[in-house]
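Below is one structure, written out as structure tokens; the observations come after it.
4 protein chains.
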Amino acid sequence: MKFSHKVQYYETDKMQITHHSNYIRFMEEARSSFLENVGYSYKRMEEENIVSPVIDVHAKFVKSTTYGDVIDINVGVKDLTPAVVTIGYTMYVDGEIVCVGESKHCFLKEGRPTAIKKVNMGLYEMFLKYKEEKL
Amino acid sequence: MKFSHKVQYYETDKMQITHHSNYIRFMEEARSSFLENVGYSYKRMEEENIVSPVIDVHAKFVKSTTYGDVIDINVGVKDLTPAVVTIGYTMYVDGEIVCVGESKHCFLKEGRPTAIKKVNMGLYEMFLKYKEEKL
Amino acid sequence: MKFSHKVQYYETDKMQITHHSNYIRFMEEARSSFLENVGYSYKRMEEENIVSPVIDVHAKFVKSTTYGDVIDINVGVKDLTPAVVTIGYTMYVDGEIVCVGESKHCFLKEGRPTAIKKVNMGLYEMFLKYKEEKL
Amino acid sequence: MKFSHKVQYYETDKMQITHHSNYIRFMEEARSSFLENVGYSYKRMEEENIVSPVIDVHAKFVKSTTYGDVIDINVGVKDLTPAVVTIGYTMYVDGEIVCVGESKHCFLKEGRPTAIKKVNMGLYEMFLKYKEEKL
């Protein structure tokens, strides 16, 4: 699934490029948009008491970007185990890869890690469906 | 009361100076430290169900700062009415003024704006005491 | 001129609302978009060696917003003197005002404050034209 | 080497914990402090035209932190090849691990990736010395 972010002035740094920490935020934006598009917005999750913290984040920076660049982000499900979903992100500017990232998320029920299936079968099946898709 | 913040790389922007939005955050840091030092930390306020949103913020930028600069912040009570406290900030680098700011805060009880005295007499008296001090 | 910003998760704070410092960033986003739309993008300014630092920023917070809210921002020229342009912002969610802000900008030529007309007559005339418009 | 960061209110999010993207910034703060302490501040690097972009960043979140927590960060050299240095970070609150991270950095000379030894032998030897140390 596709998402775009236009780099803002406040996201650049003294090296005159996008500060690397912001790509972690772009990943959250893309993930949030992805979940909303497939019908599982964070808001719905919160209403259903699904708490899903980030337990791991990784980004590889291939090419710098800067103010005004439009970053196109391909977001999808990279891996799925009973307890953890891995979301993958490939970011492009003008068709060239600038950053590749992934984030891992577990699911809590009453504060304890729980299998996704047990938390919400519909959410599990959605992740499974998107896992098949080419990122 | 005094507080210091060392400018981080991620707080600079493409103009190679501290991004102006960050001074609003330095003001929060200084205010938080001020309240903690006088015994009314945000944590204590939260425990006592005192909710105090920012209703107005203003900053005047006199001189730019950049990565590595240590900003010394003088923080104090600039004005106090029954409903609103105004906190003032003067920021220096090496004794020269770089930014002057202020923030206004109201106090809520059960979600409604309430006189500070009614919310917490001790807090009101503390603000009154620091109002006398030269900023 | 109109601009929209969707509040991201990373822009919220422990009070479960949009952190107040982010509105200063939304103002920059709206200003950047406004300048781009009228043909004076920051990029063009940089190419023409126009440096225009923020010298003053003010925001009044009327109503809190949170994750997922779409903030519509009306941006325009509020005031114009030979040396300083004041940009005004009115922010709405679902038609209700949430924040009113303004930022002041001066113009530098070879590092010294200079009348806007002297820096760039086209830019001055554009500001003058938009000053007439209702914000 | 040790470094501390006190979590600020603006670093928390709607889940009432420190937003995960901020740990990447804490890593930069710790790295910056580490380099300053061993005599290779970013400022000195910039003066010597050493450009060292982040090419990879990874963080594993073990335990959430929140406003007011003091995060103690152990920072050191985890790995060193001719072209890439890996900086490692272990973060604690009250002696308990909250986050483990690492960042990889290459070195550019006239815009091209270059062996660290060729860029600056003193920097290479400093990294080598700290590689021996237990993180």
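Residue numbers (my numbering), protein chains in the order written: chain A, 1 to 135; chain B, 1001 to 1135; chain C, 2001 to 2135; chain D, 3001 to 3135. Think of the CB as a built atom: it goes at the ideal place given N, C-alpha and C, for glycine as much as any other residue. The structure presented is a predicted model; accordingly, all values stated were derived computationally and were not measured.
{"query": "Touching or not, the stretch 3058–3069 of chain D and the stretch 2117–2126 of chain C, by the rule of three or more beta carbon pairs under 8 Å?", "result": "no"}
{"query": "Return yes when the Cβ of Val3057 (chain D) is within less than 8 Å of the Cβ of His5 (chain A), no when it is not.", "result": "no"}
{"query": "Would you say Ala30 (chain A) and Val93 (chain A) are within 8 Å of each other, going by their C-beta atoms?", "result": "no"}
{"query": "Using the rule of at least 16 other Cβ atoms within 10 Å of the residue's Cβ for burial, across every protein chain shown, is Asn1120 (chain B) buried or exposed?", "result": "buried"}
{"query": "Which residues bound the alpha helix (DSSP H) around Lys14 (chain A)?", "result": "Taken as a continuous stretch (DSSP letters only), Lys14 (chain A) belongs to no alpha helix (DSSP H), as it is neither H nor E."}
{"query": "Can you list the residues of chain C that Asp1056 (chain B) reaches, using a CB-CB cut of under 9 Å?", "result": "His2058, Ala2059, Lys2060 and Phe2061"}
{"query": "If you measure from the beta carbon of Gln2008 (chain C) to each beta carbon in chain A, is any gap under 8 Å?", "result": "yes"}
{"query": "Comparing C-alpha positions only, which one of C:Cys2099, C:Phe2061, C:Cys2106 and C:Gly2095 sits nearest to Val2085 (chain C)?", "result": "C:Cys2106"}
{"query": "Going by other Cβ atoms of all chains shown within 10 Å of its Cβ, with 16 needed for buried, is Asn1049 (chain B) buried or exposed?", "result": "exposed"}
{"query": "DSSP three-state label for Phe107 (chain A), please.", "result": "coil"}
{"query": "Taking 8 Å as the cut-off, decide whether the C-beta atoms of Lys78 (chain A) and Gln1016 (chain B) are in contact.", "result": "no"}
{"query": "I want to verify the contact list: residues of chain D whose CB lies under 8 Å from the CB of Thr2012 (chain C), in sequence order.", "result": "Asp3013 and Lys3014"}
{"query": "Taking a cut of 8 Å between CB atoms, which residues from the stretch 34–57 of chain A lie near chain D?", "result": "Val51, Pro53, Val54, Ile55, Asp56 and Val57"}
{"query": "Restricting to Cα atoms, I'd like to know which of A:Ser103, A:Thr18, A:Phe26 and A:Tyr130 is closest to Asp72 (chain A).", "result": "A:Phe26"}
{"query": "Who does His5 (chain A) pair with in a DSSP beta bridge?", "result": "A:Ile71"}
{"query": "Using three-state DSSP, classify Gly3076 (chain D) as helix, strand or coil.", "result": "strand"}
{"query": "Mind checking Gly2101 (chain C): buried by the 16 CB within 10 Å criterion, or exposed?", "result": "buried"}
{"query": "In the DSSP assignment, the beta strand (DSSP E) including Tyr2092 (chain C) goes from what residue to what residue?", "result": "Val2084 to Val2093"}
{"query": "Provide the residue span of the alpha helix (DSSP H) that contains Ala3030 (chain D), from first to last.", "result": "Ser3021 to Asn3037"}
{"query": "How big is the Cα-Cα spacing for Ile2087 (chain C) and Val1062 (chain B)?", "result": "18 Å"}
{"query": "Lys2109 (chain C) to Ser2103 (chain C), Cα distance in whole Å?", "result": "20 Å"}
{"query": "Give every residue of the same chain whose Cβ lies closer than 7 Å to the Cβ of Ser1041 (chain B), excluding the five residues on either side of it in the sequence, and list them in chain order.", "result": "Leu1035"}
{"query": "So Tyr9 (chain A) and Glu2028 (chain C) are supposed to be a Cβ contact under 8 Å. How far apart are they, rounded?", "result": "6 Å"}
{"query": "Count the other CB atoms within 10 Å of the CB of Ile3097 (chain D); is the residue buried (16 or more) or exposed (fewer)?", "result": "exposed"}
{"query": "With 8 Å set as the bound, which would you pick, yes or no: does the beta-carbon of Gly88 (chain A) sit closer than that to a beta-carbon of chain C?", "result": "no"}
{"query": "Taking all protein chains shown into account, decide if Val70 (chain A) is buried (16 or more other Cβ within 10 angstroms of its Cβ) or exposed.", "result": "exposed"}
{"query": "Work out the CA separation of Gly95 (chain A) and Ile2112 (chain C) for me, nearest whole Å.", "result": "Just to set this straight, residue 2112 (chain C) is Arg in the shown sequence, not Ile. About 41 Å."}
{"query": "Measuring alpha carbon to alpha carbon, tell me which of C:Thr2018, C:Lys2118, C:Ile2055 and C:Lys2043 ends up nearest Ile1055 (chain B).", "result": "C:Thr2018"}
{"query": "Out of D:Ala3115, D:Tyr3089 and D:Lys3118, which has the shortest C-alpha to C-alpha gap to Met3001 (chain D)?", "result": "D:Tyr3089"}
{"query": "Under the rule that 16 or more other beta-carbon atoms within 10 Å means buried, what is Glu11 (chain A), buried or exposed?", "result": "buried"}
{"query": "Residues of chain C with CB closer than 8 Å to the CB of Ser3064 (chain D), please, in chain order.", "result": "By Cβ distance, chain C contributes nothing, its closest Cβ being about 12 Å from Ser3064 (chain D), past 8 Å."}
{"query": "Helix, strand or coil: which one does DSSP assign to Ile3116 (chain D)?", "result": "helix"}
{"query": "Rounded C-beta distance between Phe2003 (chain C) and Ser2052 (chain C)? I'm assuming under 8 Å.", "result": "The pair is not a contact, with the Cβ atoms about 19 Å apart (cut-off 8 Å)."}
{"query": "Identify, in the order they occur along the chain, each residue of the same chain with its Cβ nearer than 6 Å to the Cβ of Ile2116 (chain C), setting aside the five sequence neighbours on each side.", "result": "Phe2107 and Tyr2124"}
{"query": "Anyone know if the C-beta pair for Lys2131 (chain C) and Leu2080 (chain C) falls short of 8 Å?", "result": "yes"}
{"query": "Can you name the residues that DSSP bridges to Glu125 (chain A)?", "result": "The partner list for Glu125 (chain A) (beta bridge, DSSP) is empty, contrary to what the question assumes."}
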